[in-house]
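Protein chains in written order, with this note's numbering: chain A, 1 to 167; chain B, 1001 to 1167. Beneath this line is the structure, given in structure tokens, with notes to follow.
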DNA sequence: ATATTATAGATAATTAGTGTCCTTAATGGG
DNA sequence: CCCATTAAGGACACTAATTATCTATAATAT
Ligand code: SF4
Ligand code: SF4
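Structure below.
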């Protein structure tokens, strides 16, 4: 059915809320916030850390914080961090049979430029990614700040402040 | 991992080869051509038929043929026919918790415009689809005719002619 | 009538996605 | 130094989606 994994959604939810905080925040709080499981969200954040989107500090008062300005983190970065970078179209290389119905092994060996069908799909994918590369976390944060009701934003802010103070 | 199903690949392989034929061709031949299973390919073609990309005639000398000019069939049409039209990002609606950490049930009821994260993902998806809408089967066929070696093209043509004659 | 071919449904096998649990390692505070 | 806390990683379980097979049925040309 071809869709992004829930991890992408979890990650974006968390990241956009991490922005205003200036201290590390732990998985426990982030999980509680969204009502999802700690253990699973933890896996997600390990991926984000490996992609250097967040930085982790273990131990008391530890947690996660952004490694760089949210202006420099794009939706694309997050998607790739979570989903990996395998292209959405993977040629099963039926071509040897499909377009020659025979050999062509010679050409198969050299891993040359992929066939037209493959290339077209990958280009299409790039269109999507180019768009996602333009959308930064900062943009998301700012646009939400404009779109959401002050009420909700305030409640939200309070919730995180309370959590940070508790630690 | 977010990728197109193999069905899309099977379908494109078949369709681009159906173009030059002016008679119905059966699943058996198309499956043999690609070296994939008849039963599975048959499911794929049922989907293509439902999407009115191909037309089927059962019985002796039956098979599939295009319903319309390959100029009017796009990669997008094929992808949607096979994969269905569910968007690639499906909000799990954690927002009630995520951005309000409370109620907001009122707003949940009205199925209004989706939130910014969701919208952004869907726009990105559209970028990909817009690209695929521009690529027609005819374009694929013609570009392949230019790119592939005359040798391969000829072998290819012969294979299908032989099959058609056998019926 | 018969052989051929598509359609549909049931079901199996395989793989990917989601989620839990437990152990280890790092860290700060007492 | 010891302890509570937190992230990281591995092993595993569960679920859902994908890919594939098989069988029965209906339509069709000869
Ligand atoms: S995608 Fe291209 S190379 Fe790959 S099997 Fe299909 S036609 Fe061949
Ligand atoms: S995608 Fe948007 S509406 Fe859906 S849960 Fe995430 S933030 Fe909420």
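A virtual CB, placed ideally from N, CA and C, is assigned to each residue, including glycine.
In the DSSP assignment, residue 56 of chain A falls within the beta strand (DSSP E) that extends over 54-57.
Contact holds between the stretch 1014-1025 of chain B and the stretch 1135-1142 of chain B, because three or more Cβ pairs, one in each stretch, are under 8 Å apart.
Against residue 22 of chain A, chain B offers no close residue; the least beta-carbon distance is about 20 Å (beta-carbon pairs closer than 8 Å). At least one heavy atom of ligand 2 lies less than 7 Å from the C-beta of residue 9 of chain A. Between residue 3 of chain A and residue 1086 of chain B a beta carbon distance of about 7 Å is seen, short of the 8 Å cut, so the two are scored as contacting. Here residue 1063 of chain B has 1024, 1025 and 1026 as same chain residues with Cβ atoms under 6 Å from its own Cβ, once five neighbours each way along the sequence are excluded.
Taking 8 Å as the CB threshold, residue 1124 of chain B lines the interface with chain A.
Of the candidates B:1050, B:1090 and B:1145, B:1050 places its Cα closest to the Cα of residue 1078 of chain B. Taking C-beta separations shorter than 7 Å and ignoring five residues to either side along the sequence, the partners of residue 1045 of chain B in its chain run 1027, 1054 and 1064, following chain order.
The C-beta separation of residue 132 of chain A from residue 75 of chain A comes to about 4 Å, placing the pair in contact by the 8 Å criterion.
Annotated as distal: residue 1007 of chain B and residue 1080 of chain B, with beta-carbon spacing of 8 Å or more. Residue 1082 of chain B sits in a helix when the DSSP states are folded into three classes.
Pairing residue 1128 of chain B with residue 127 of chain A gives a Cβ-Cβ distance under 8 Å. Scanning its chain for C-beta atoms nearer than 8 Å, with the 5 sequence neighbours on each side dropped, one finds around residue 1125 of chain B the residues 1087, 1088 and 1089, in chain order.
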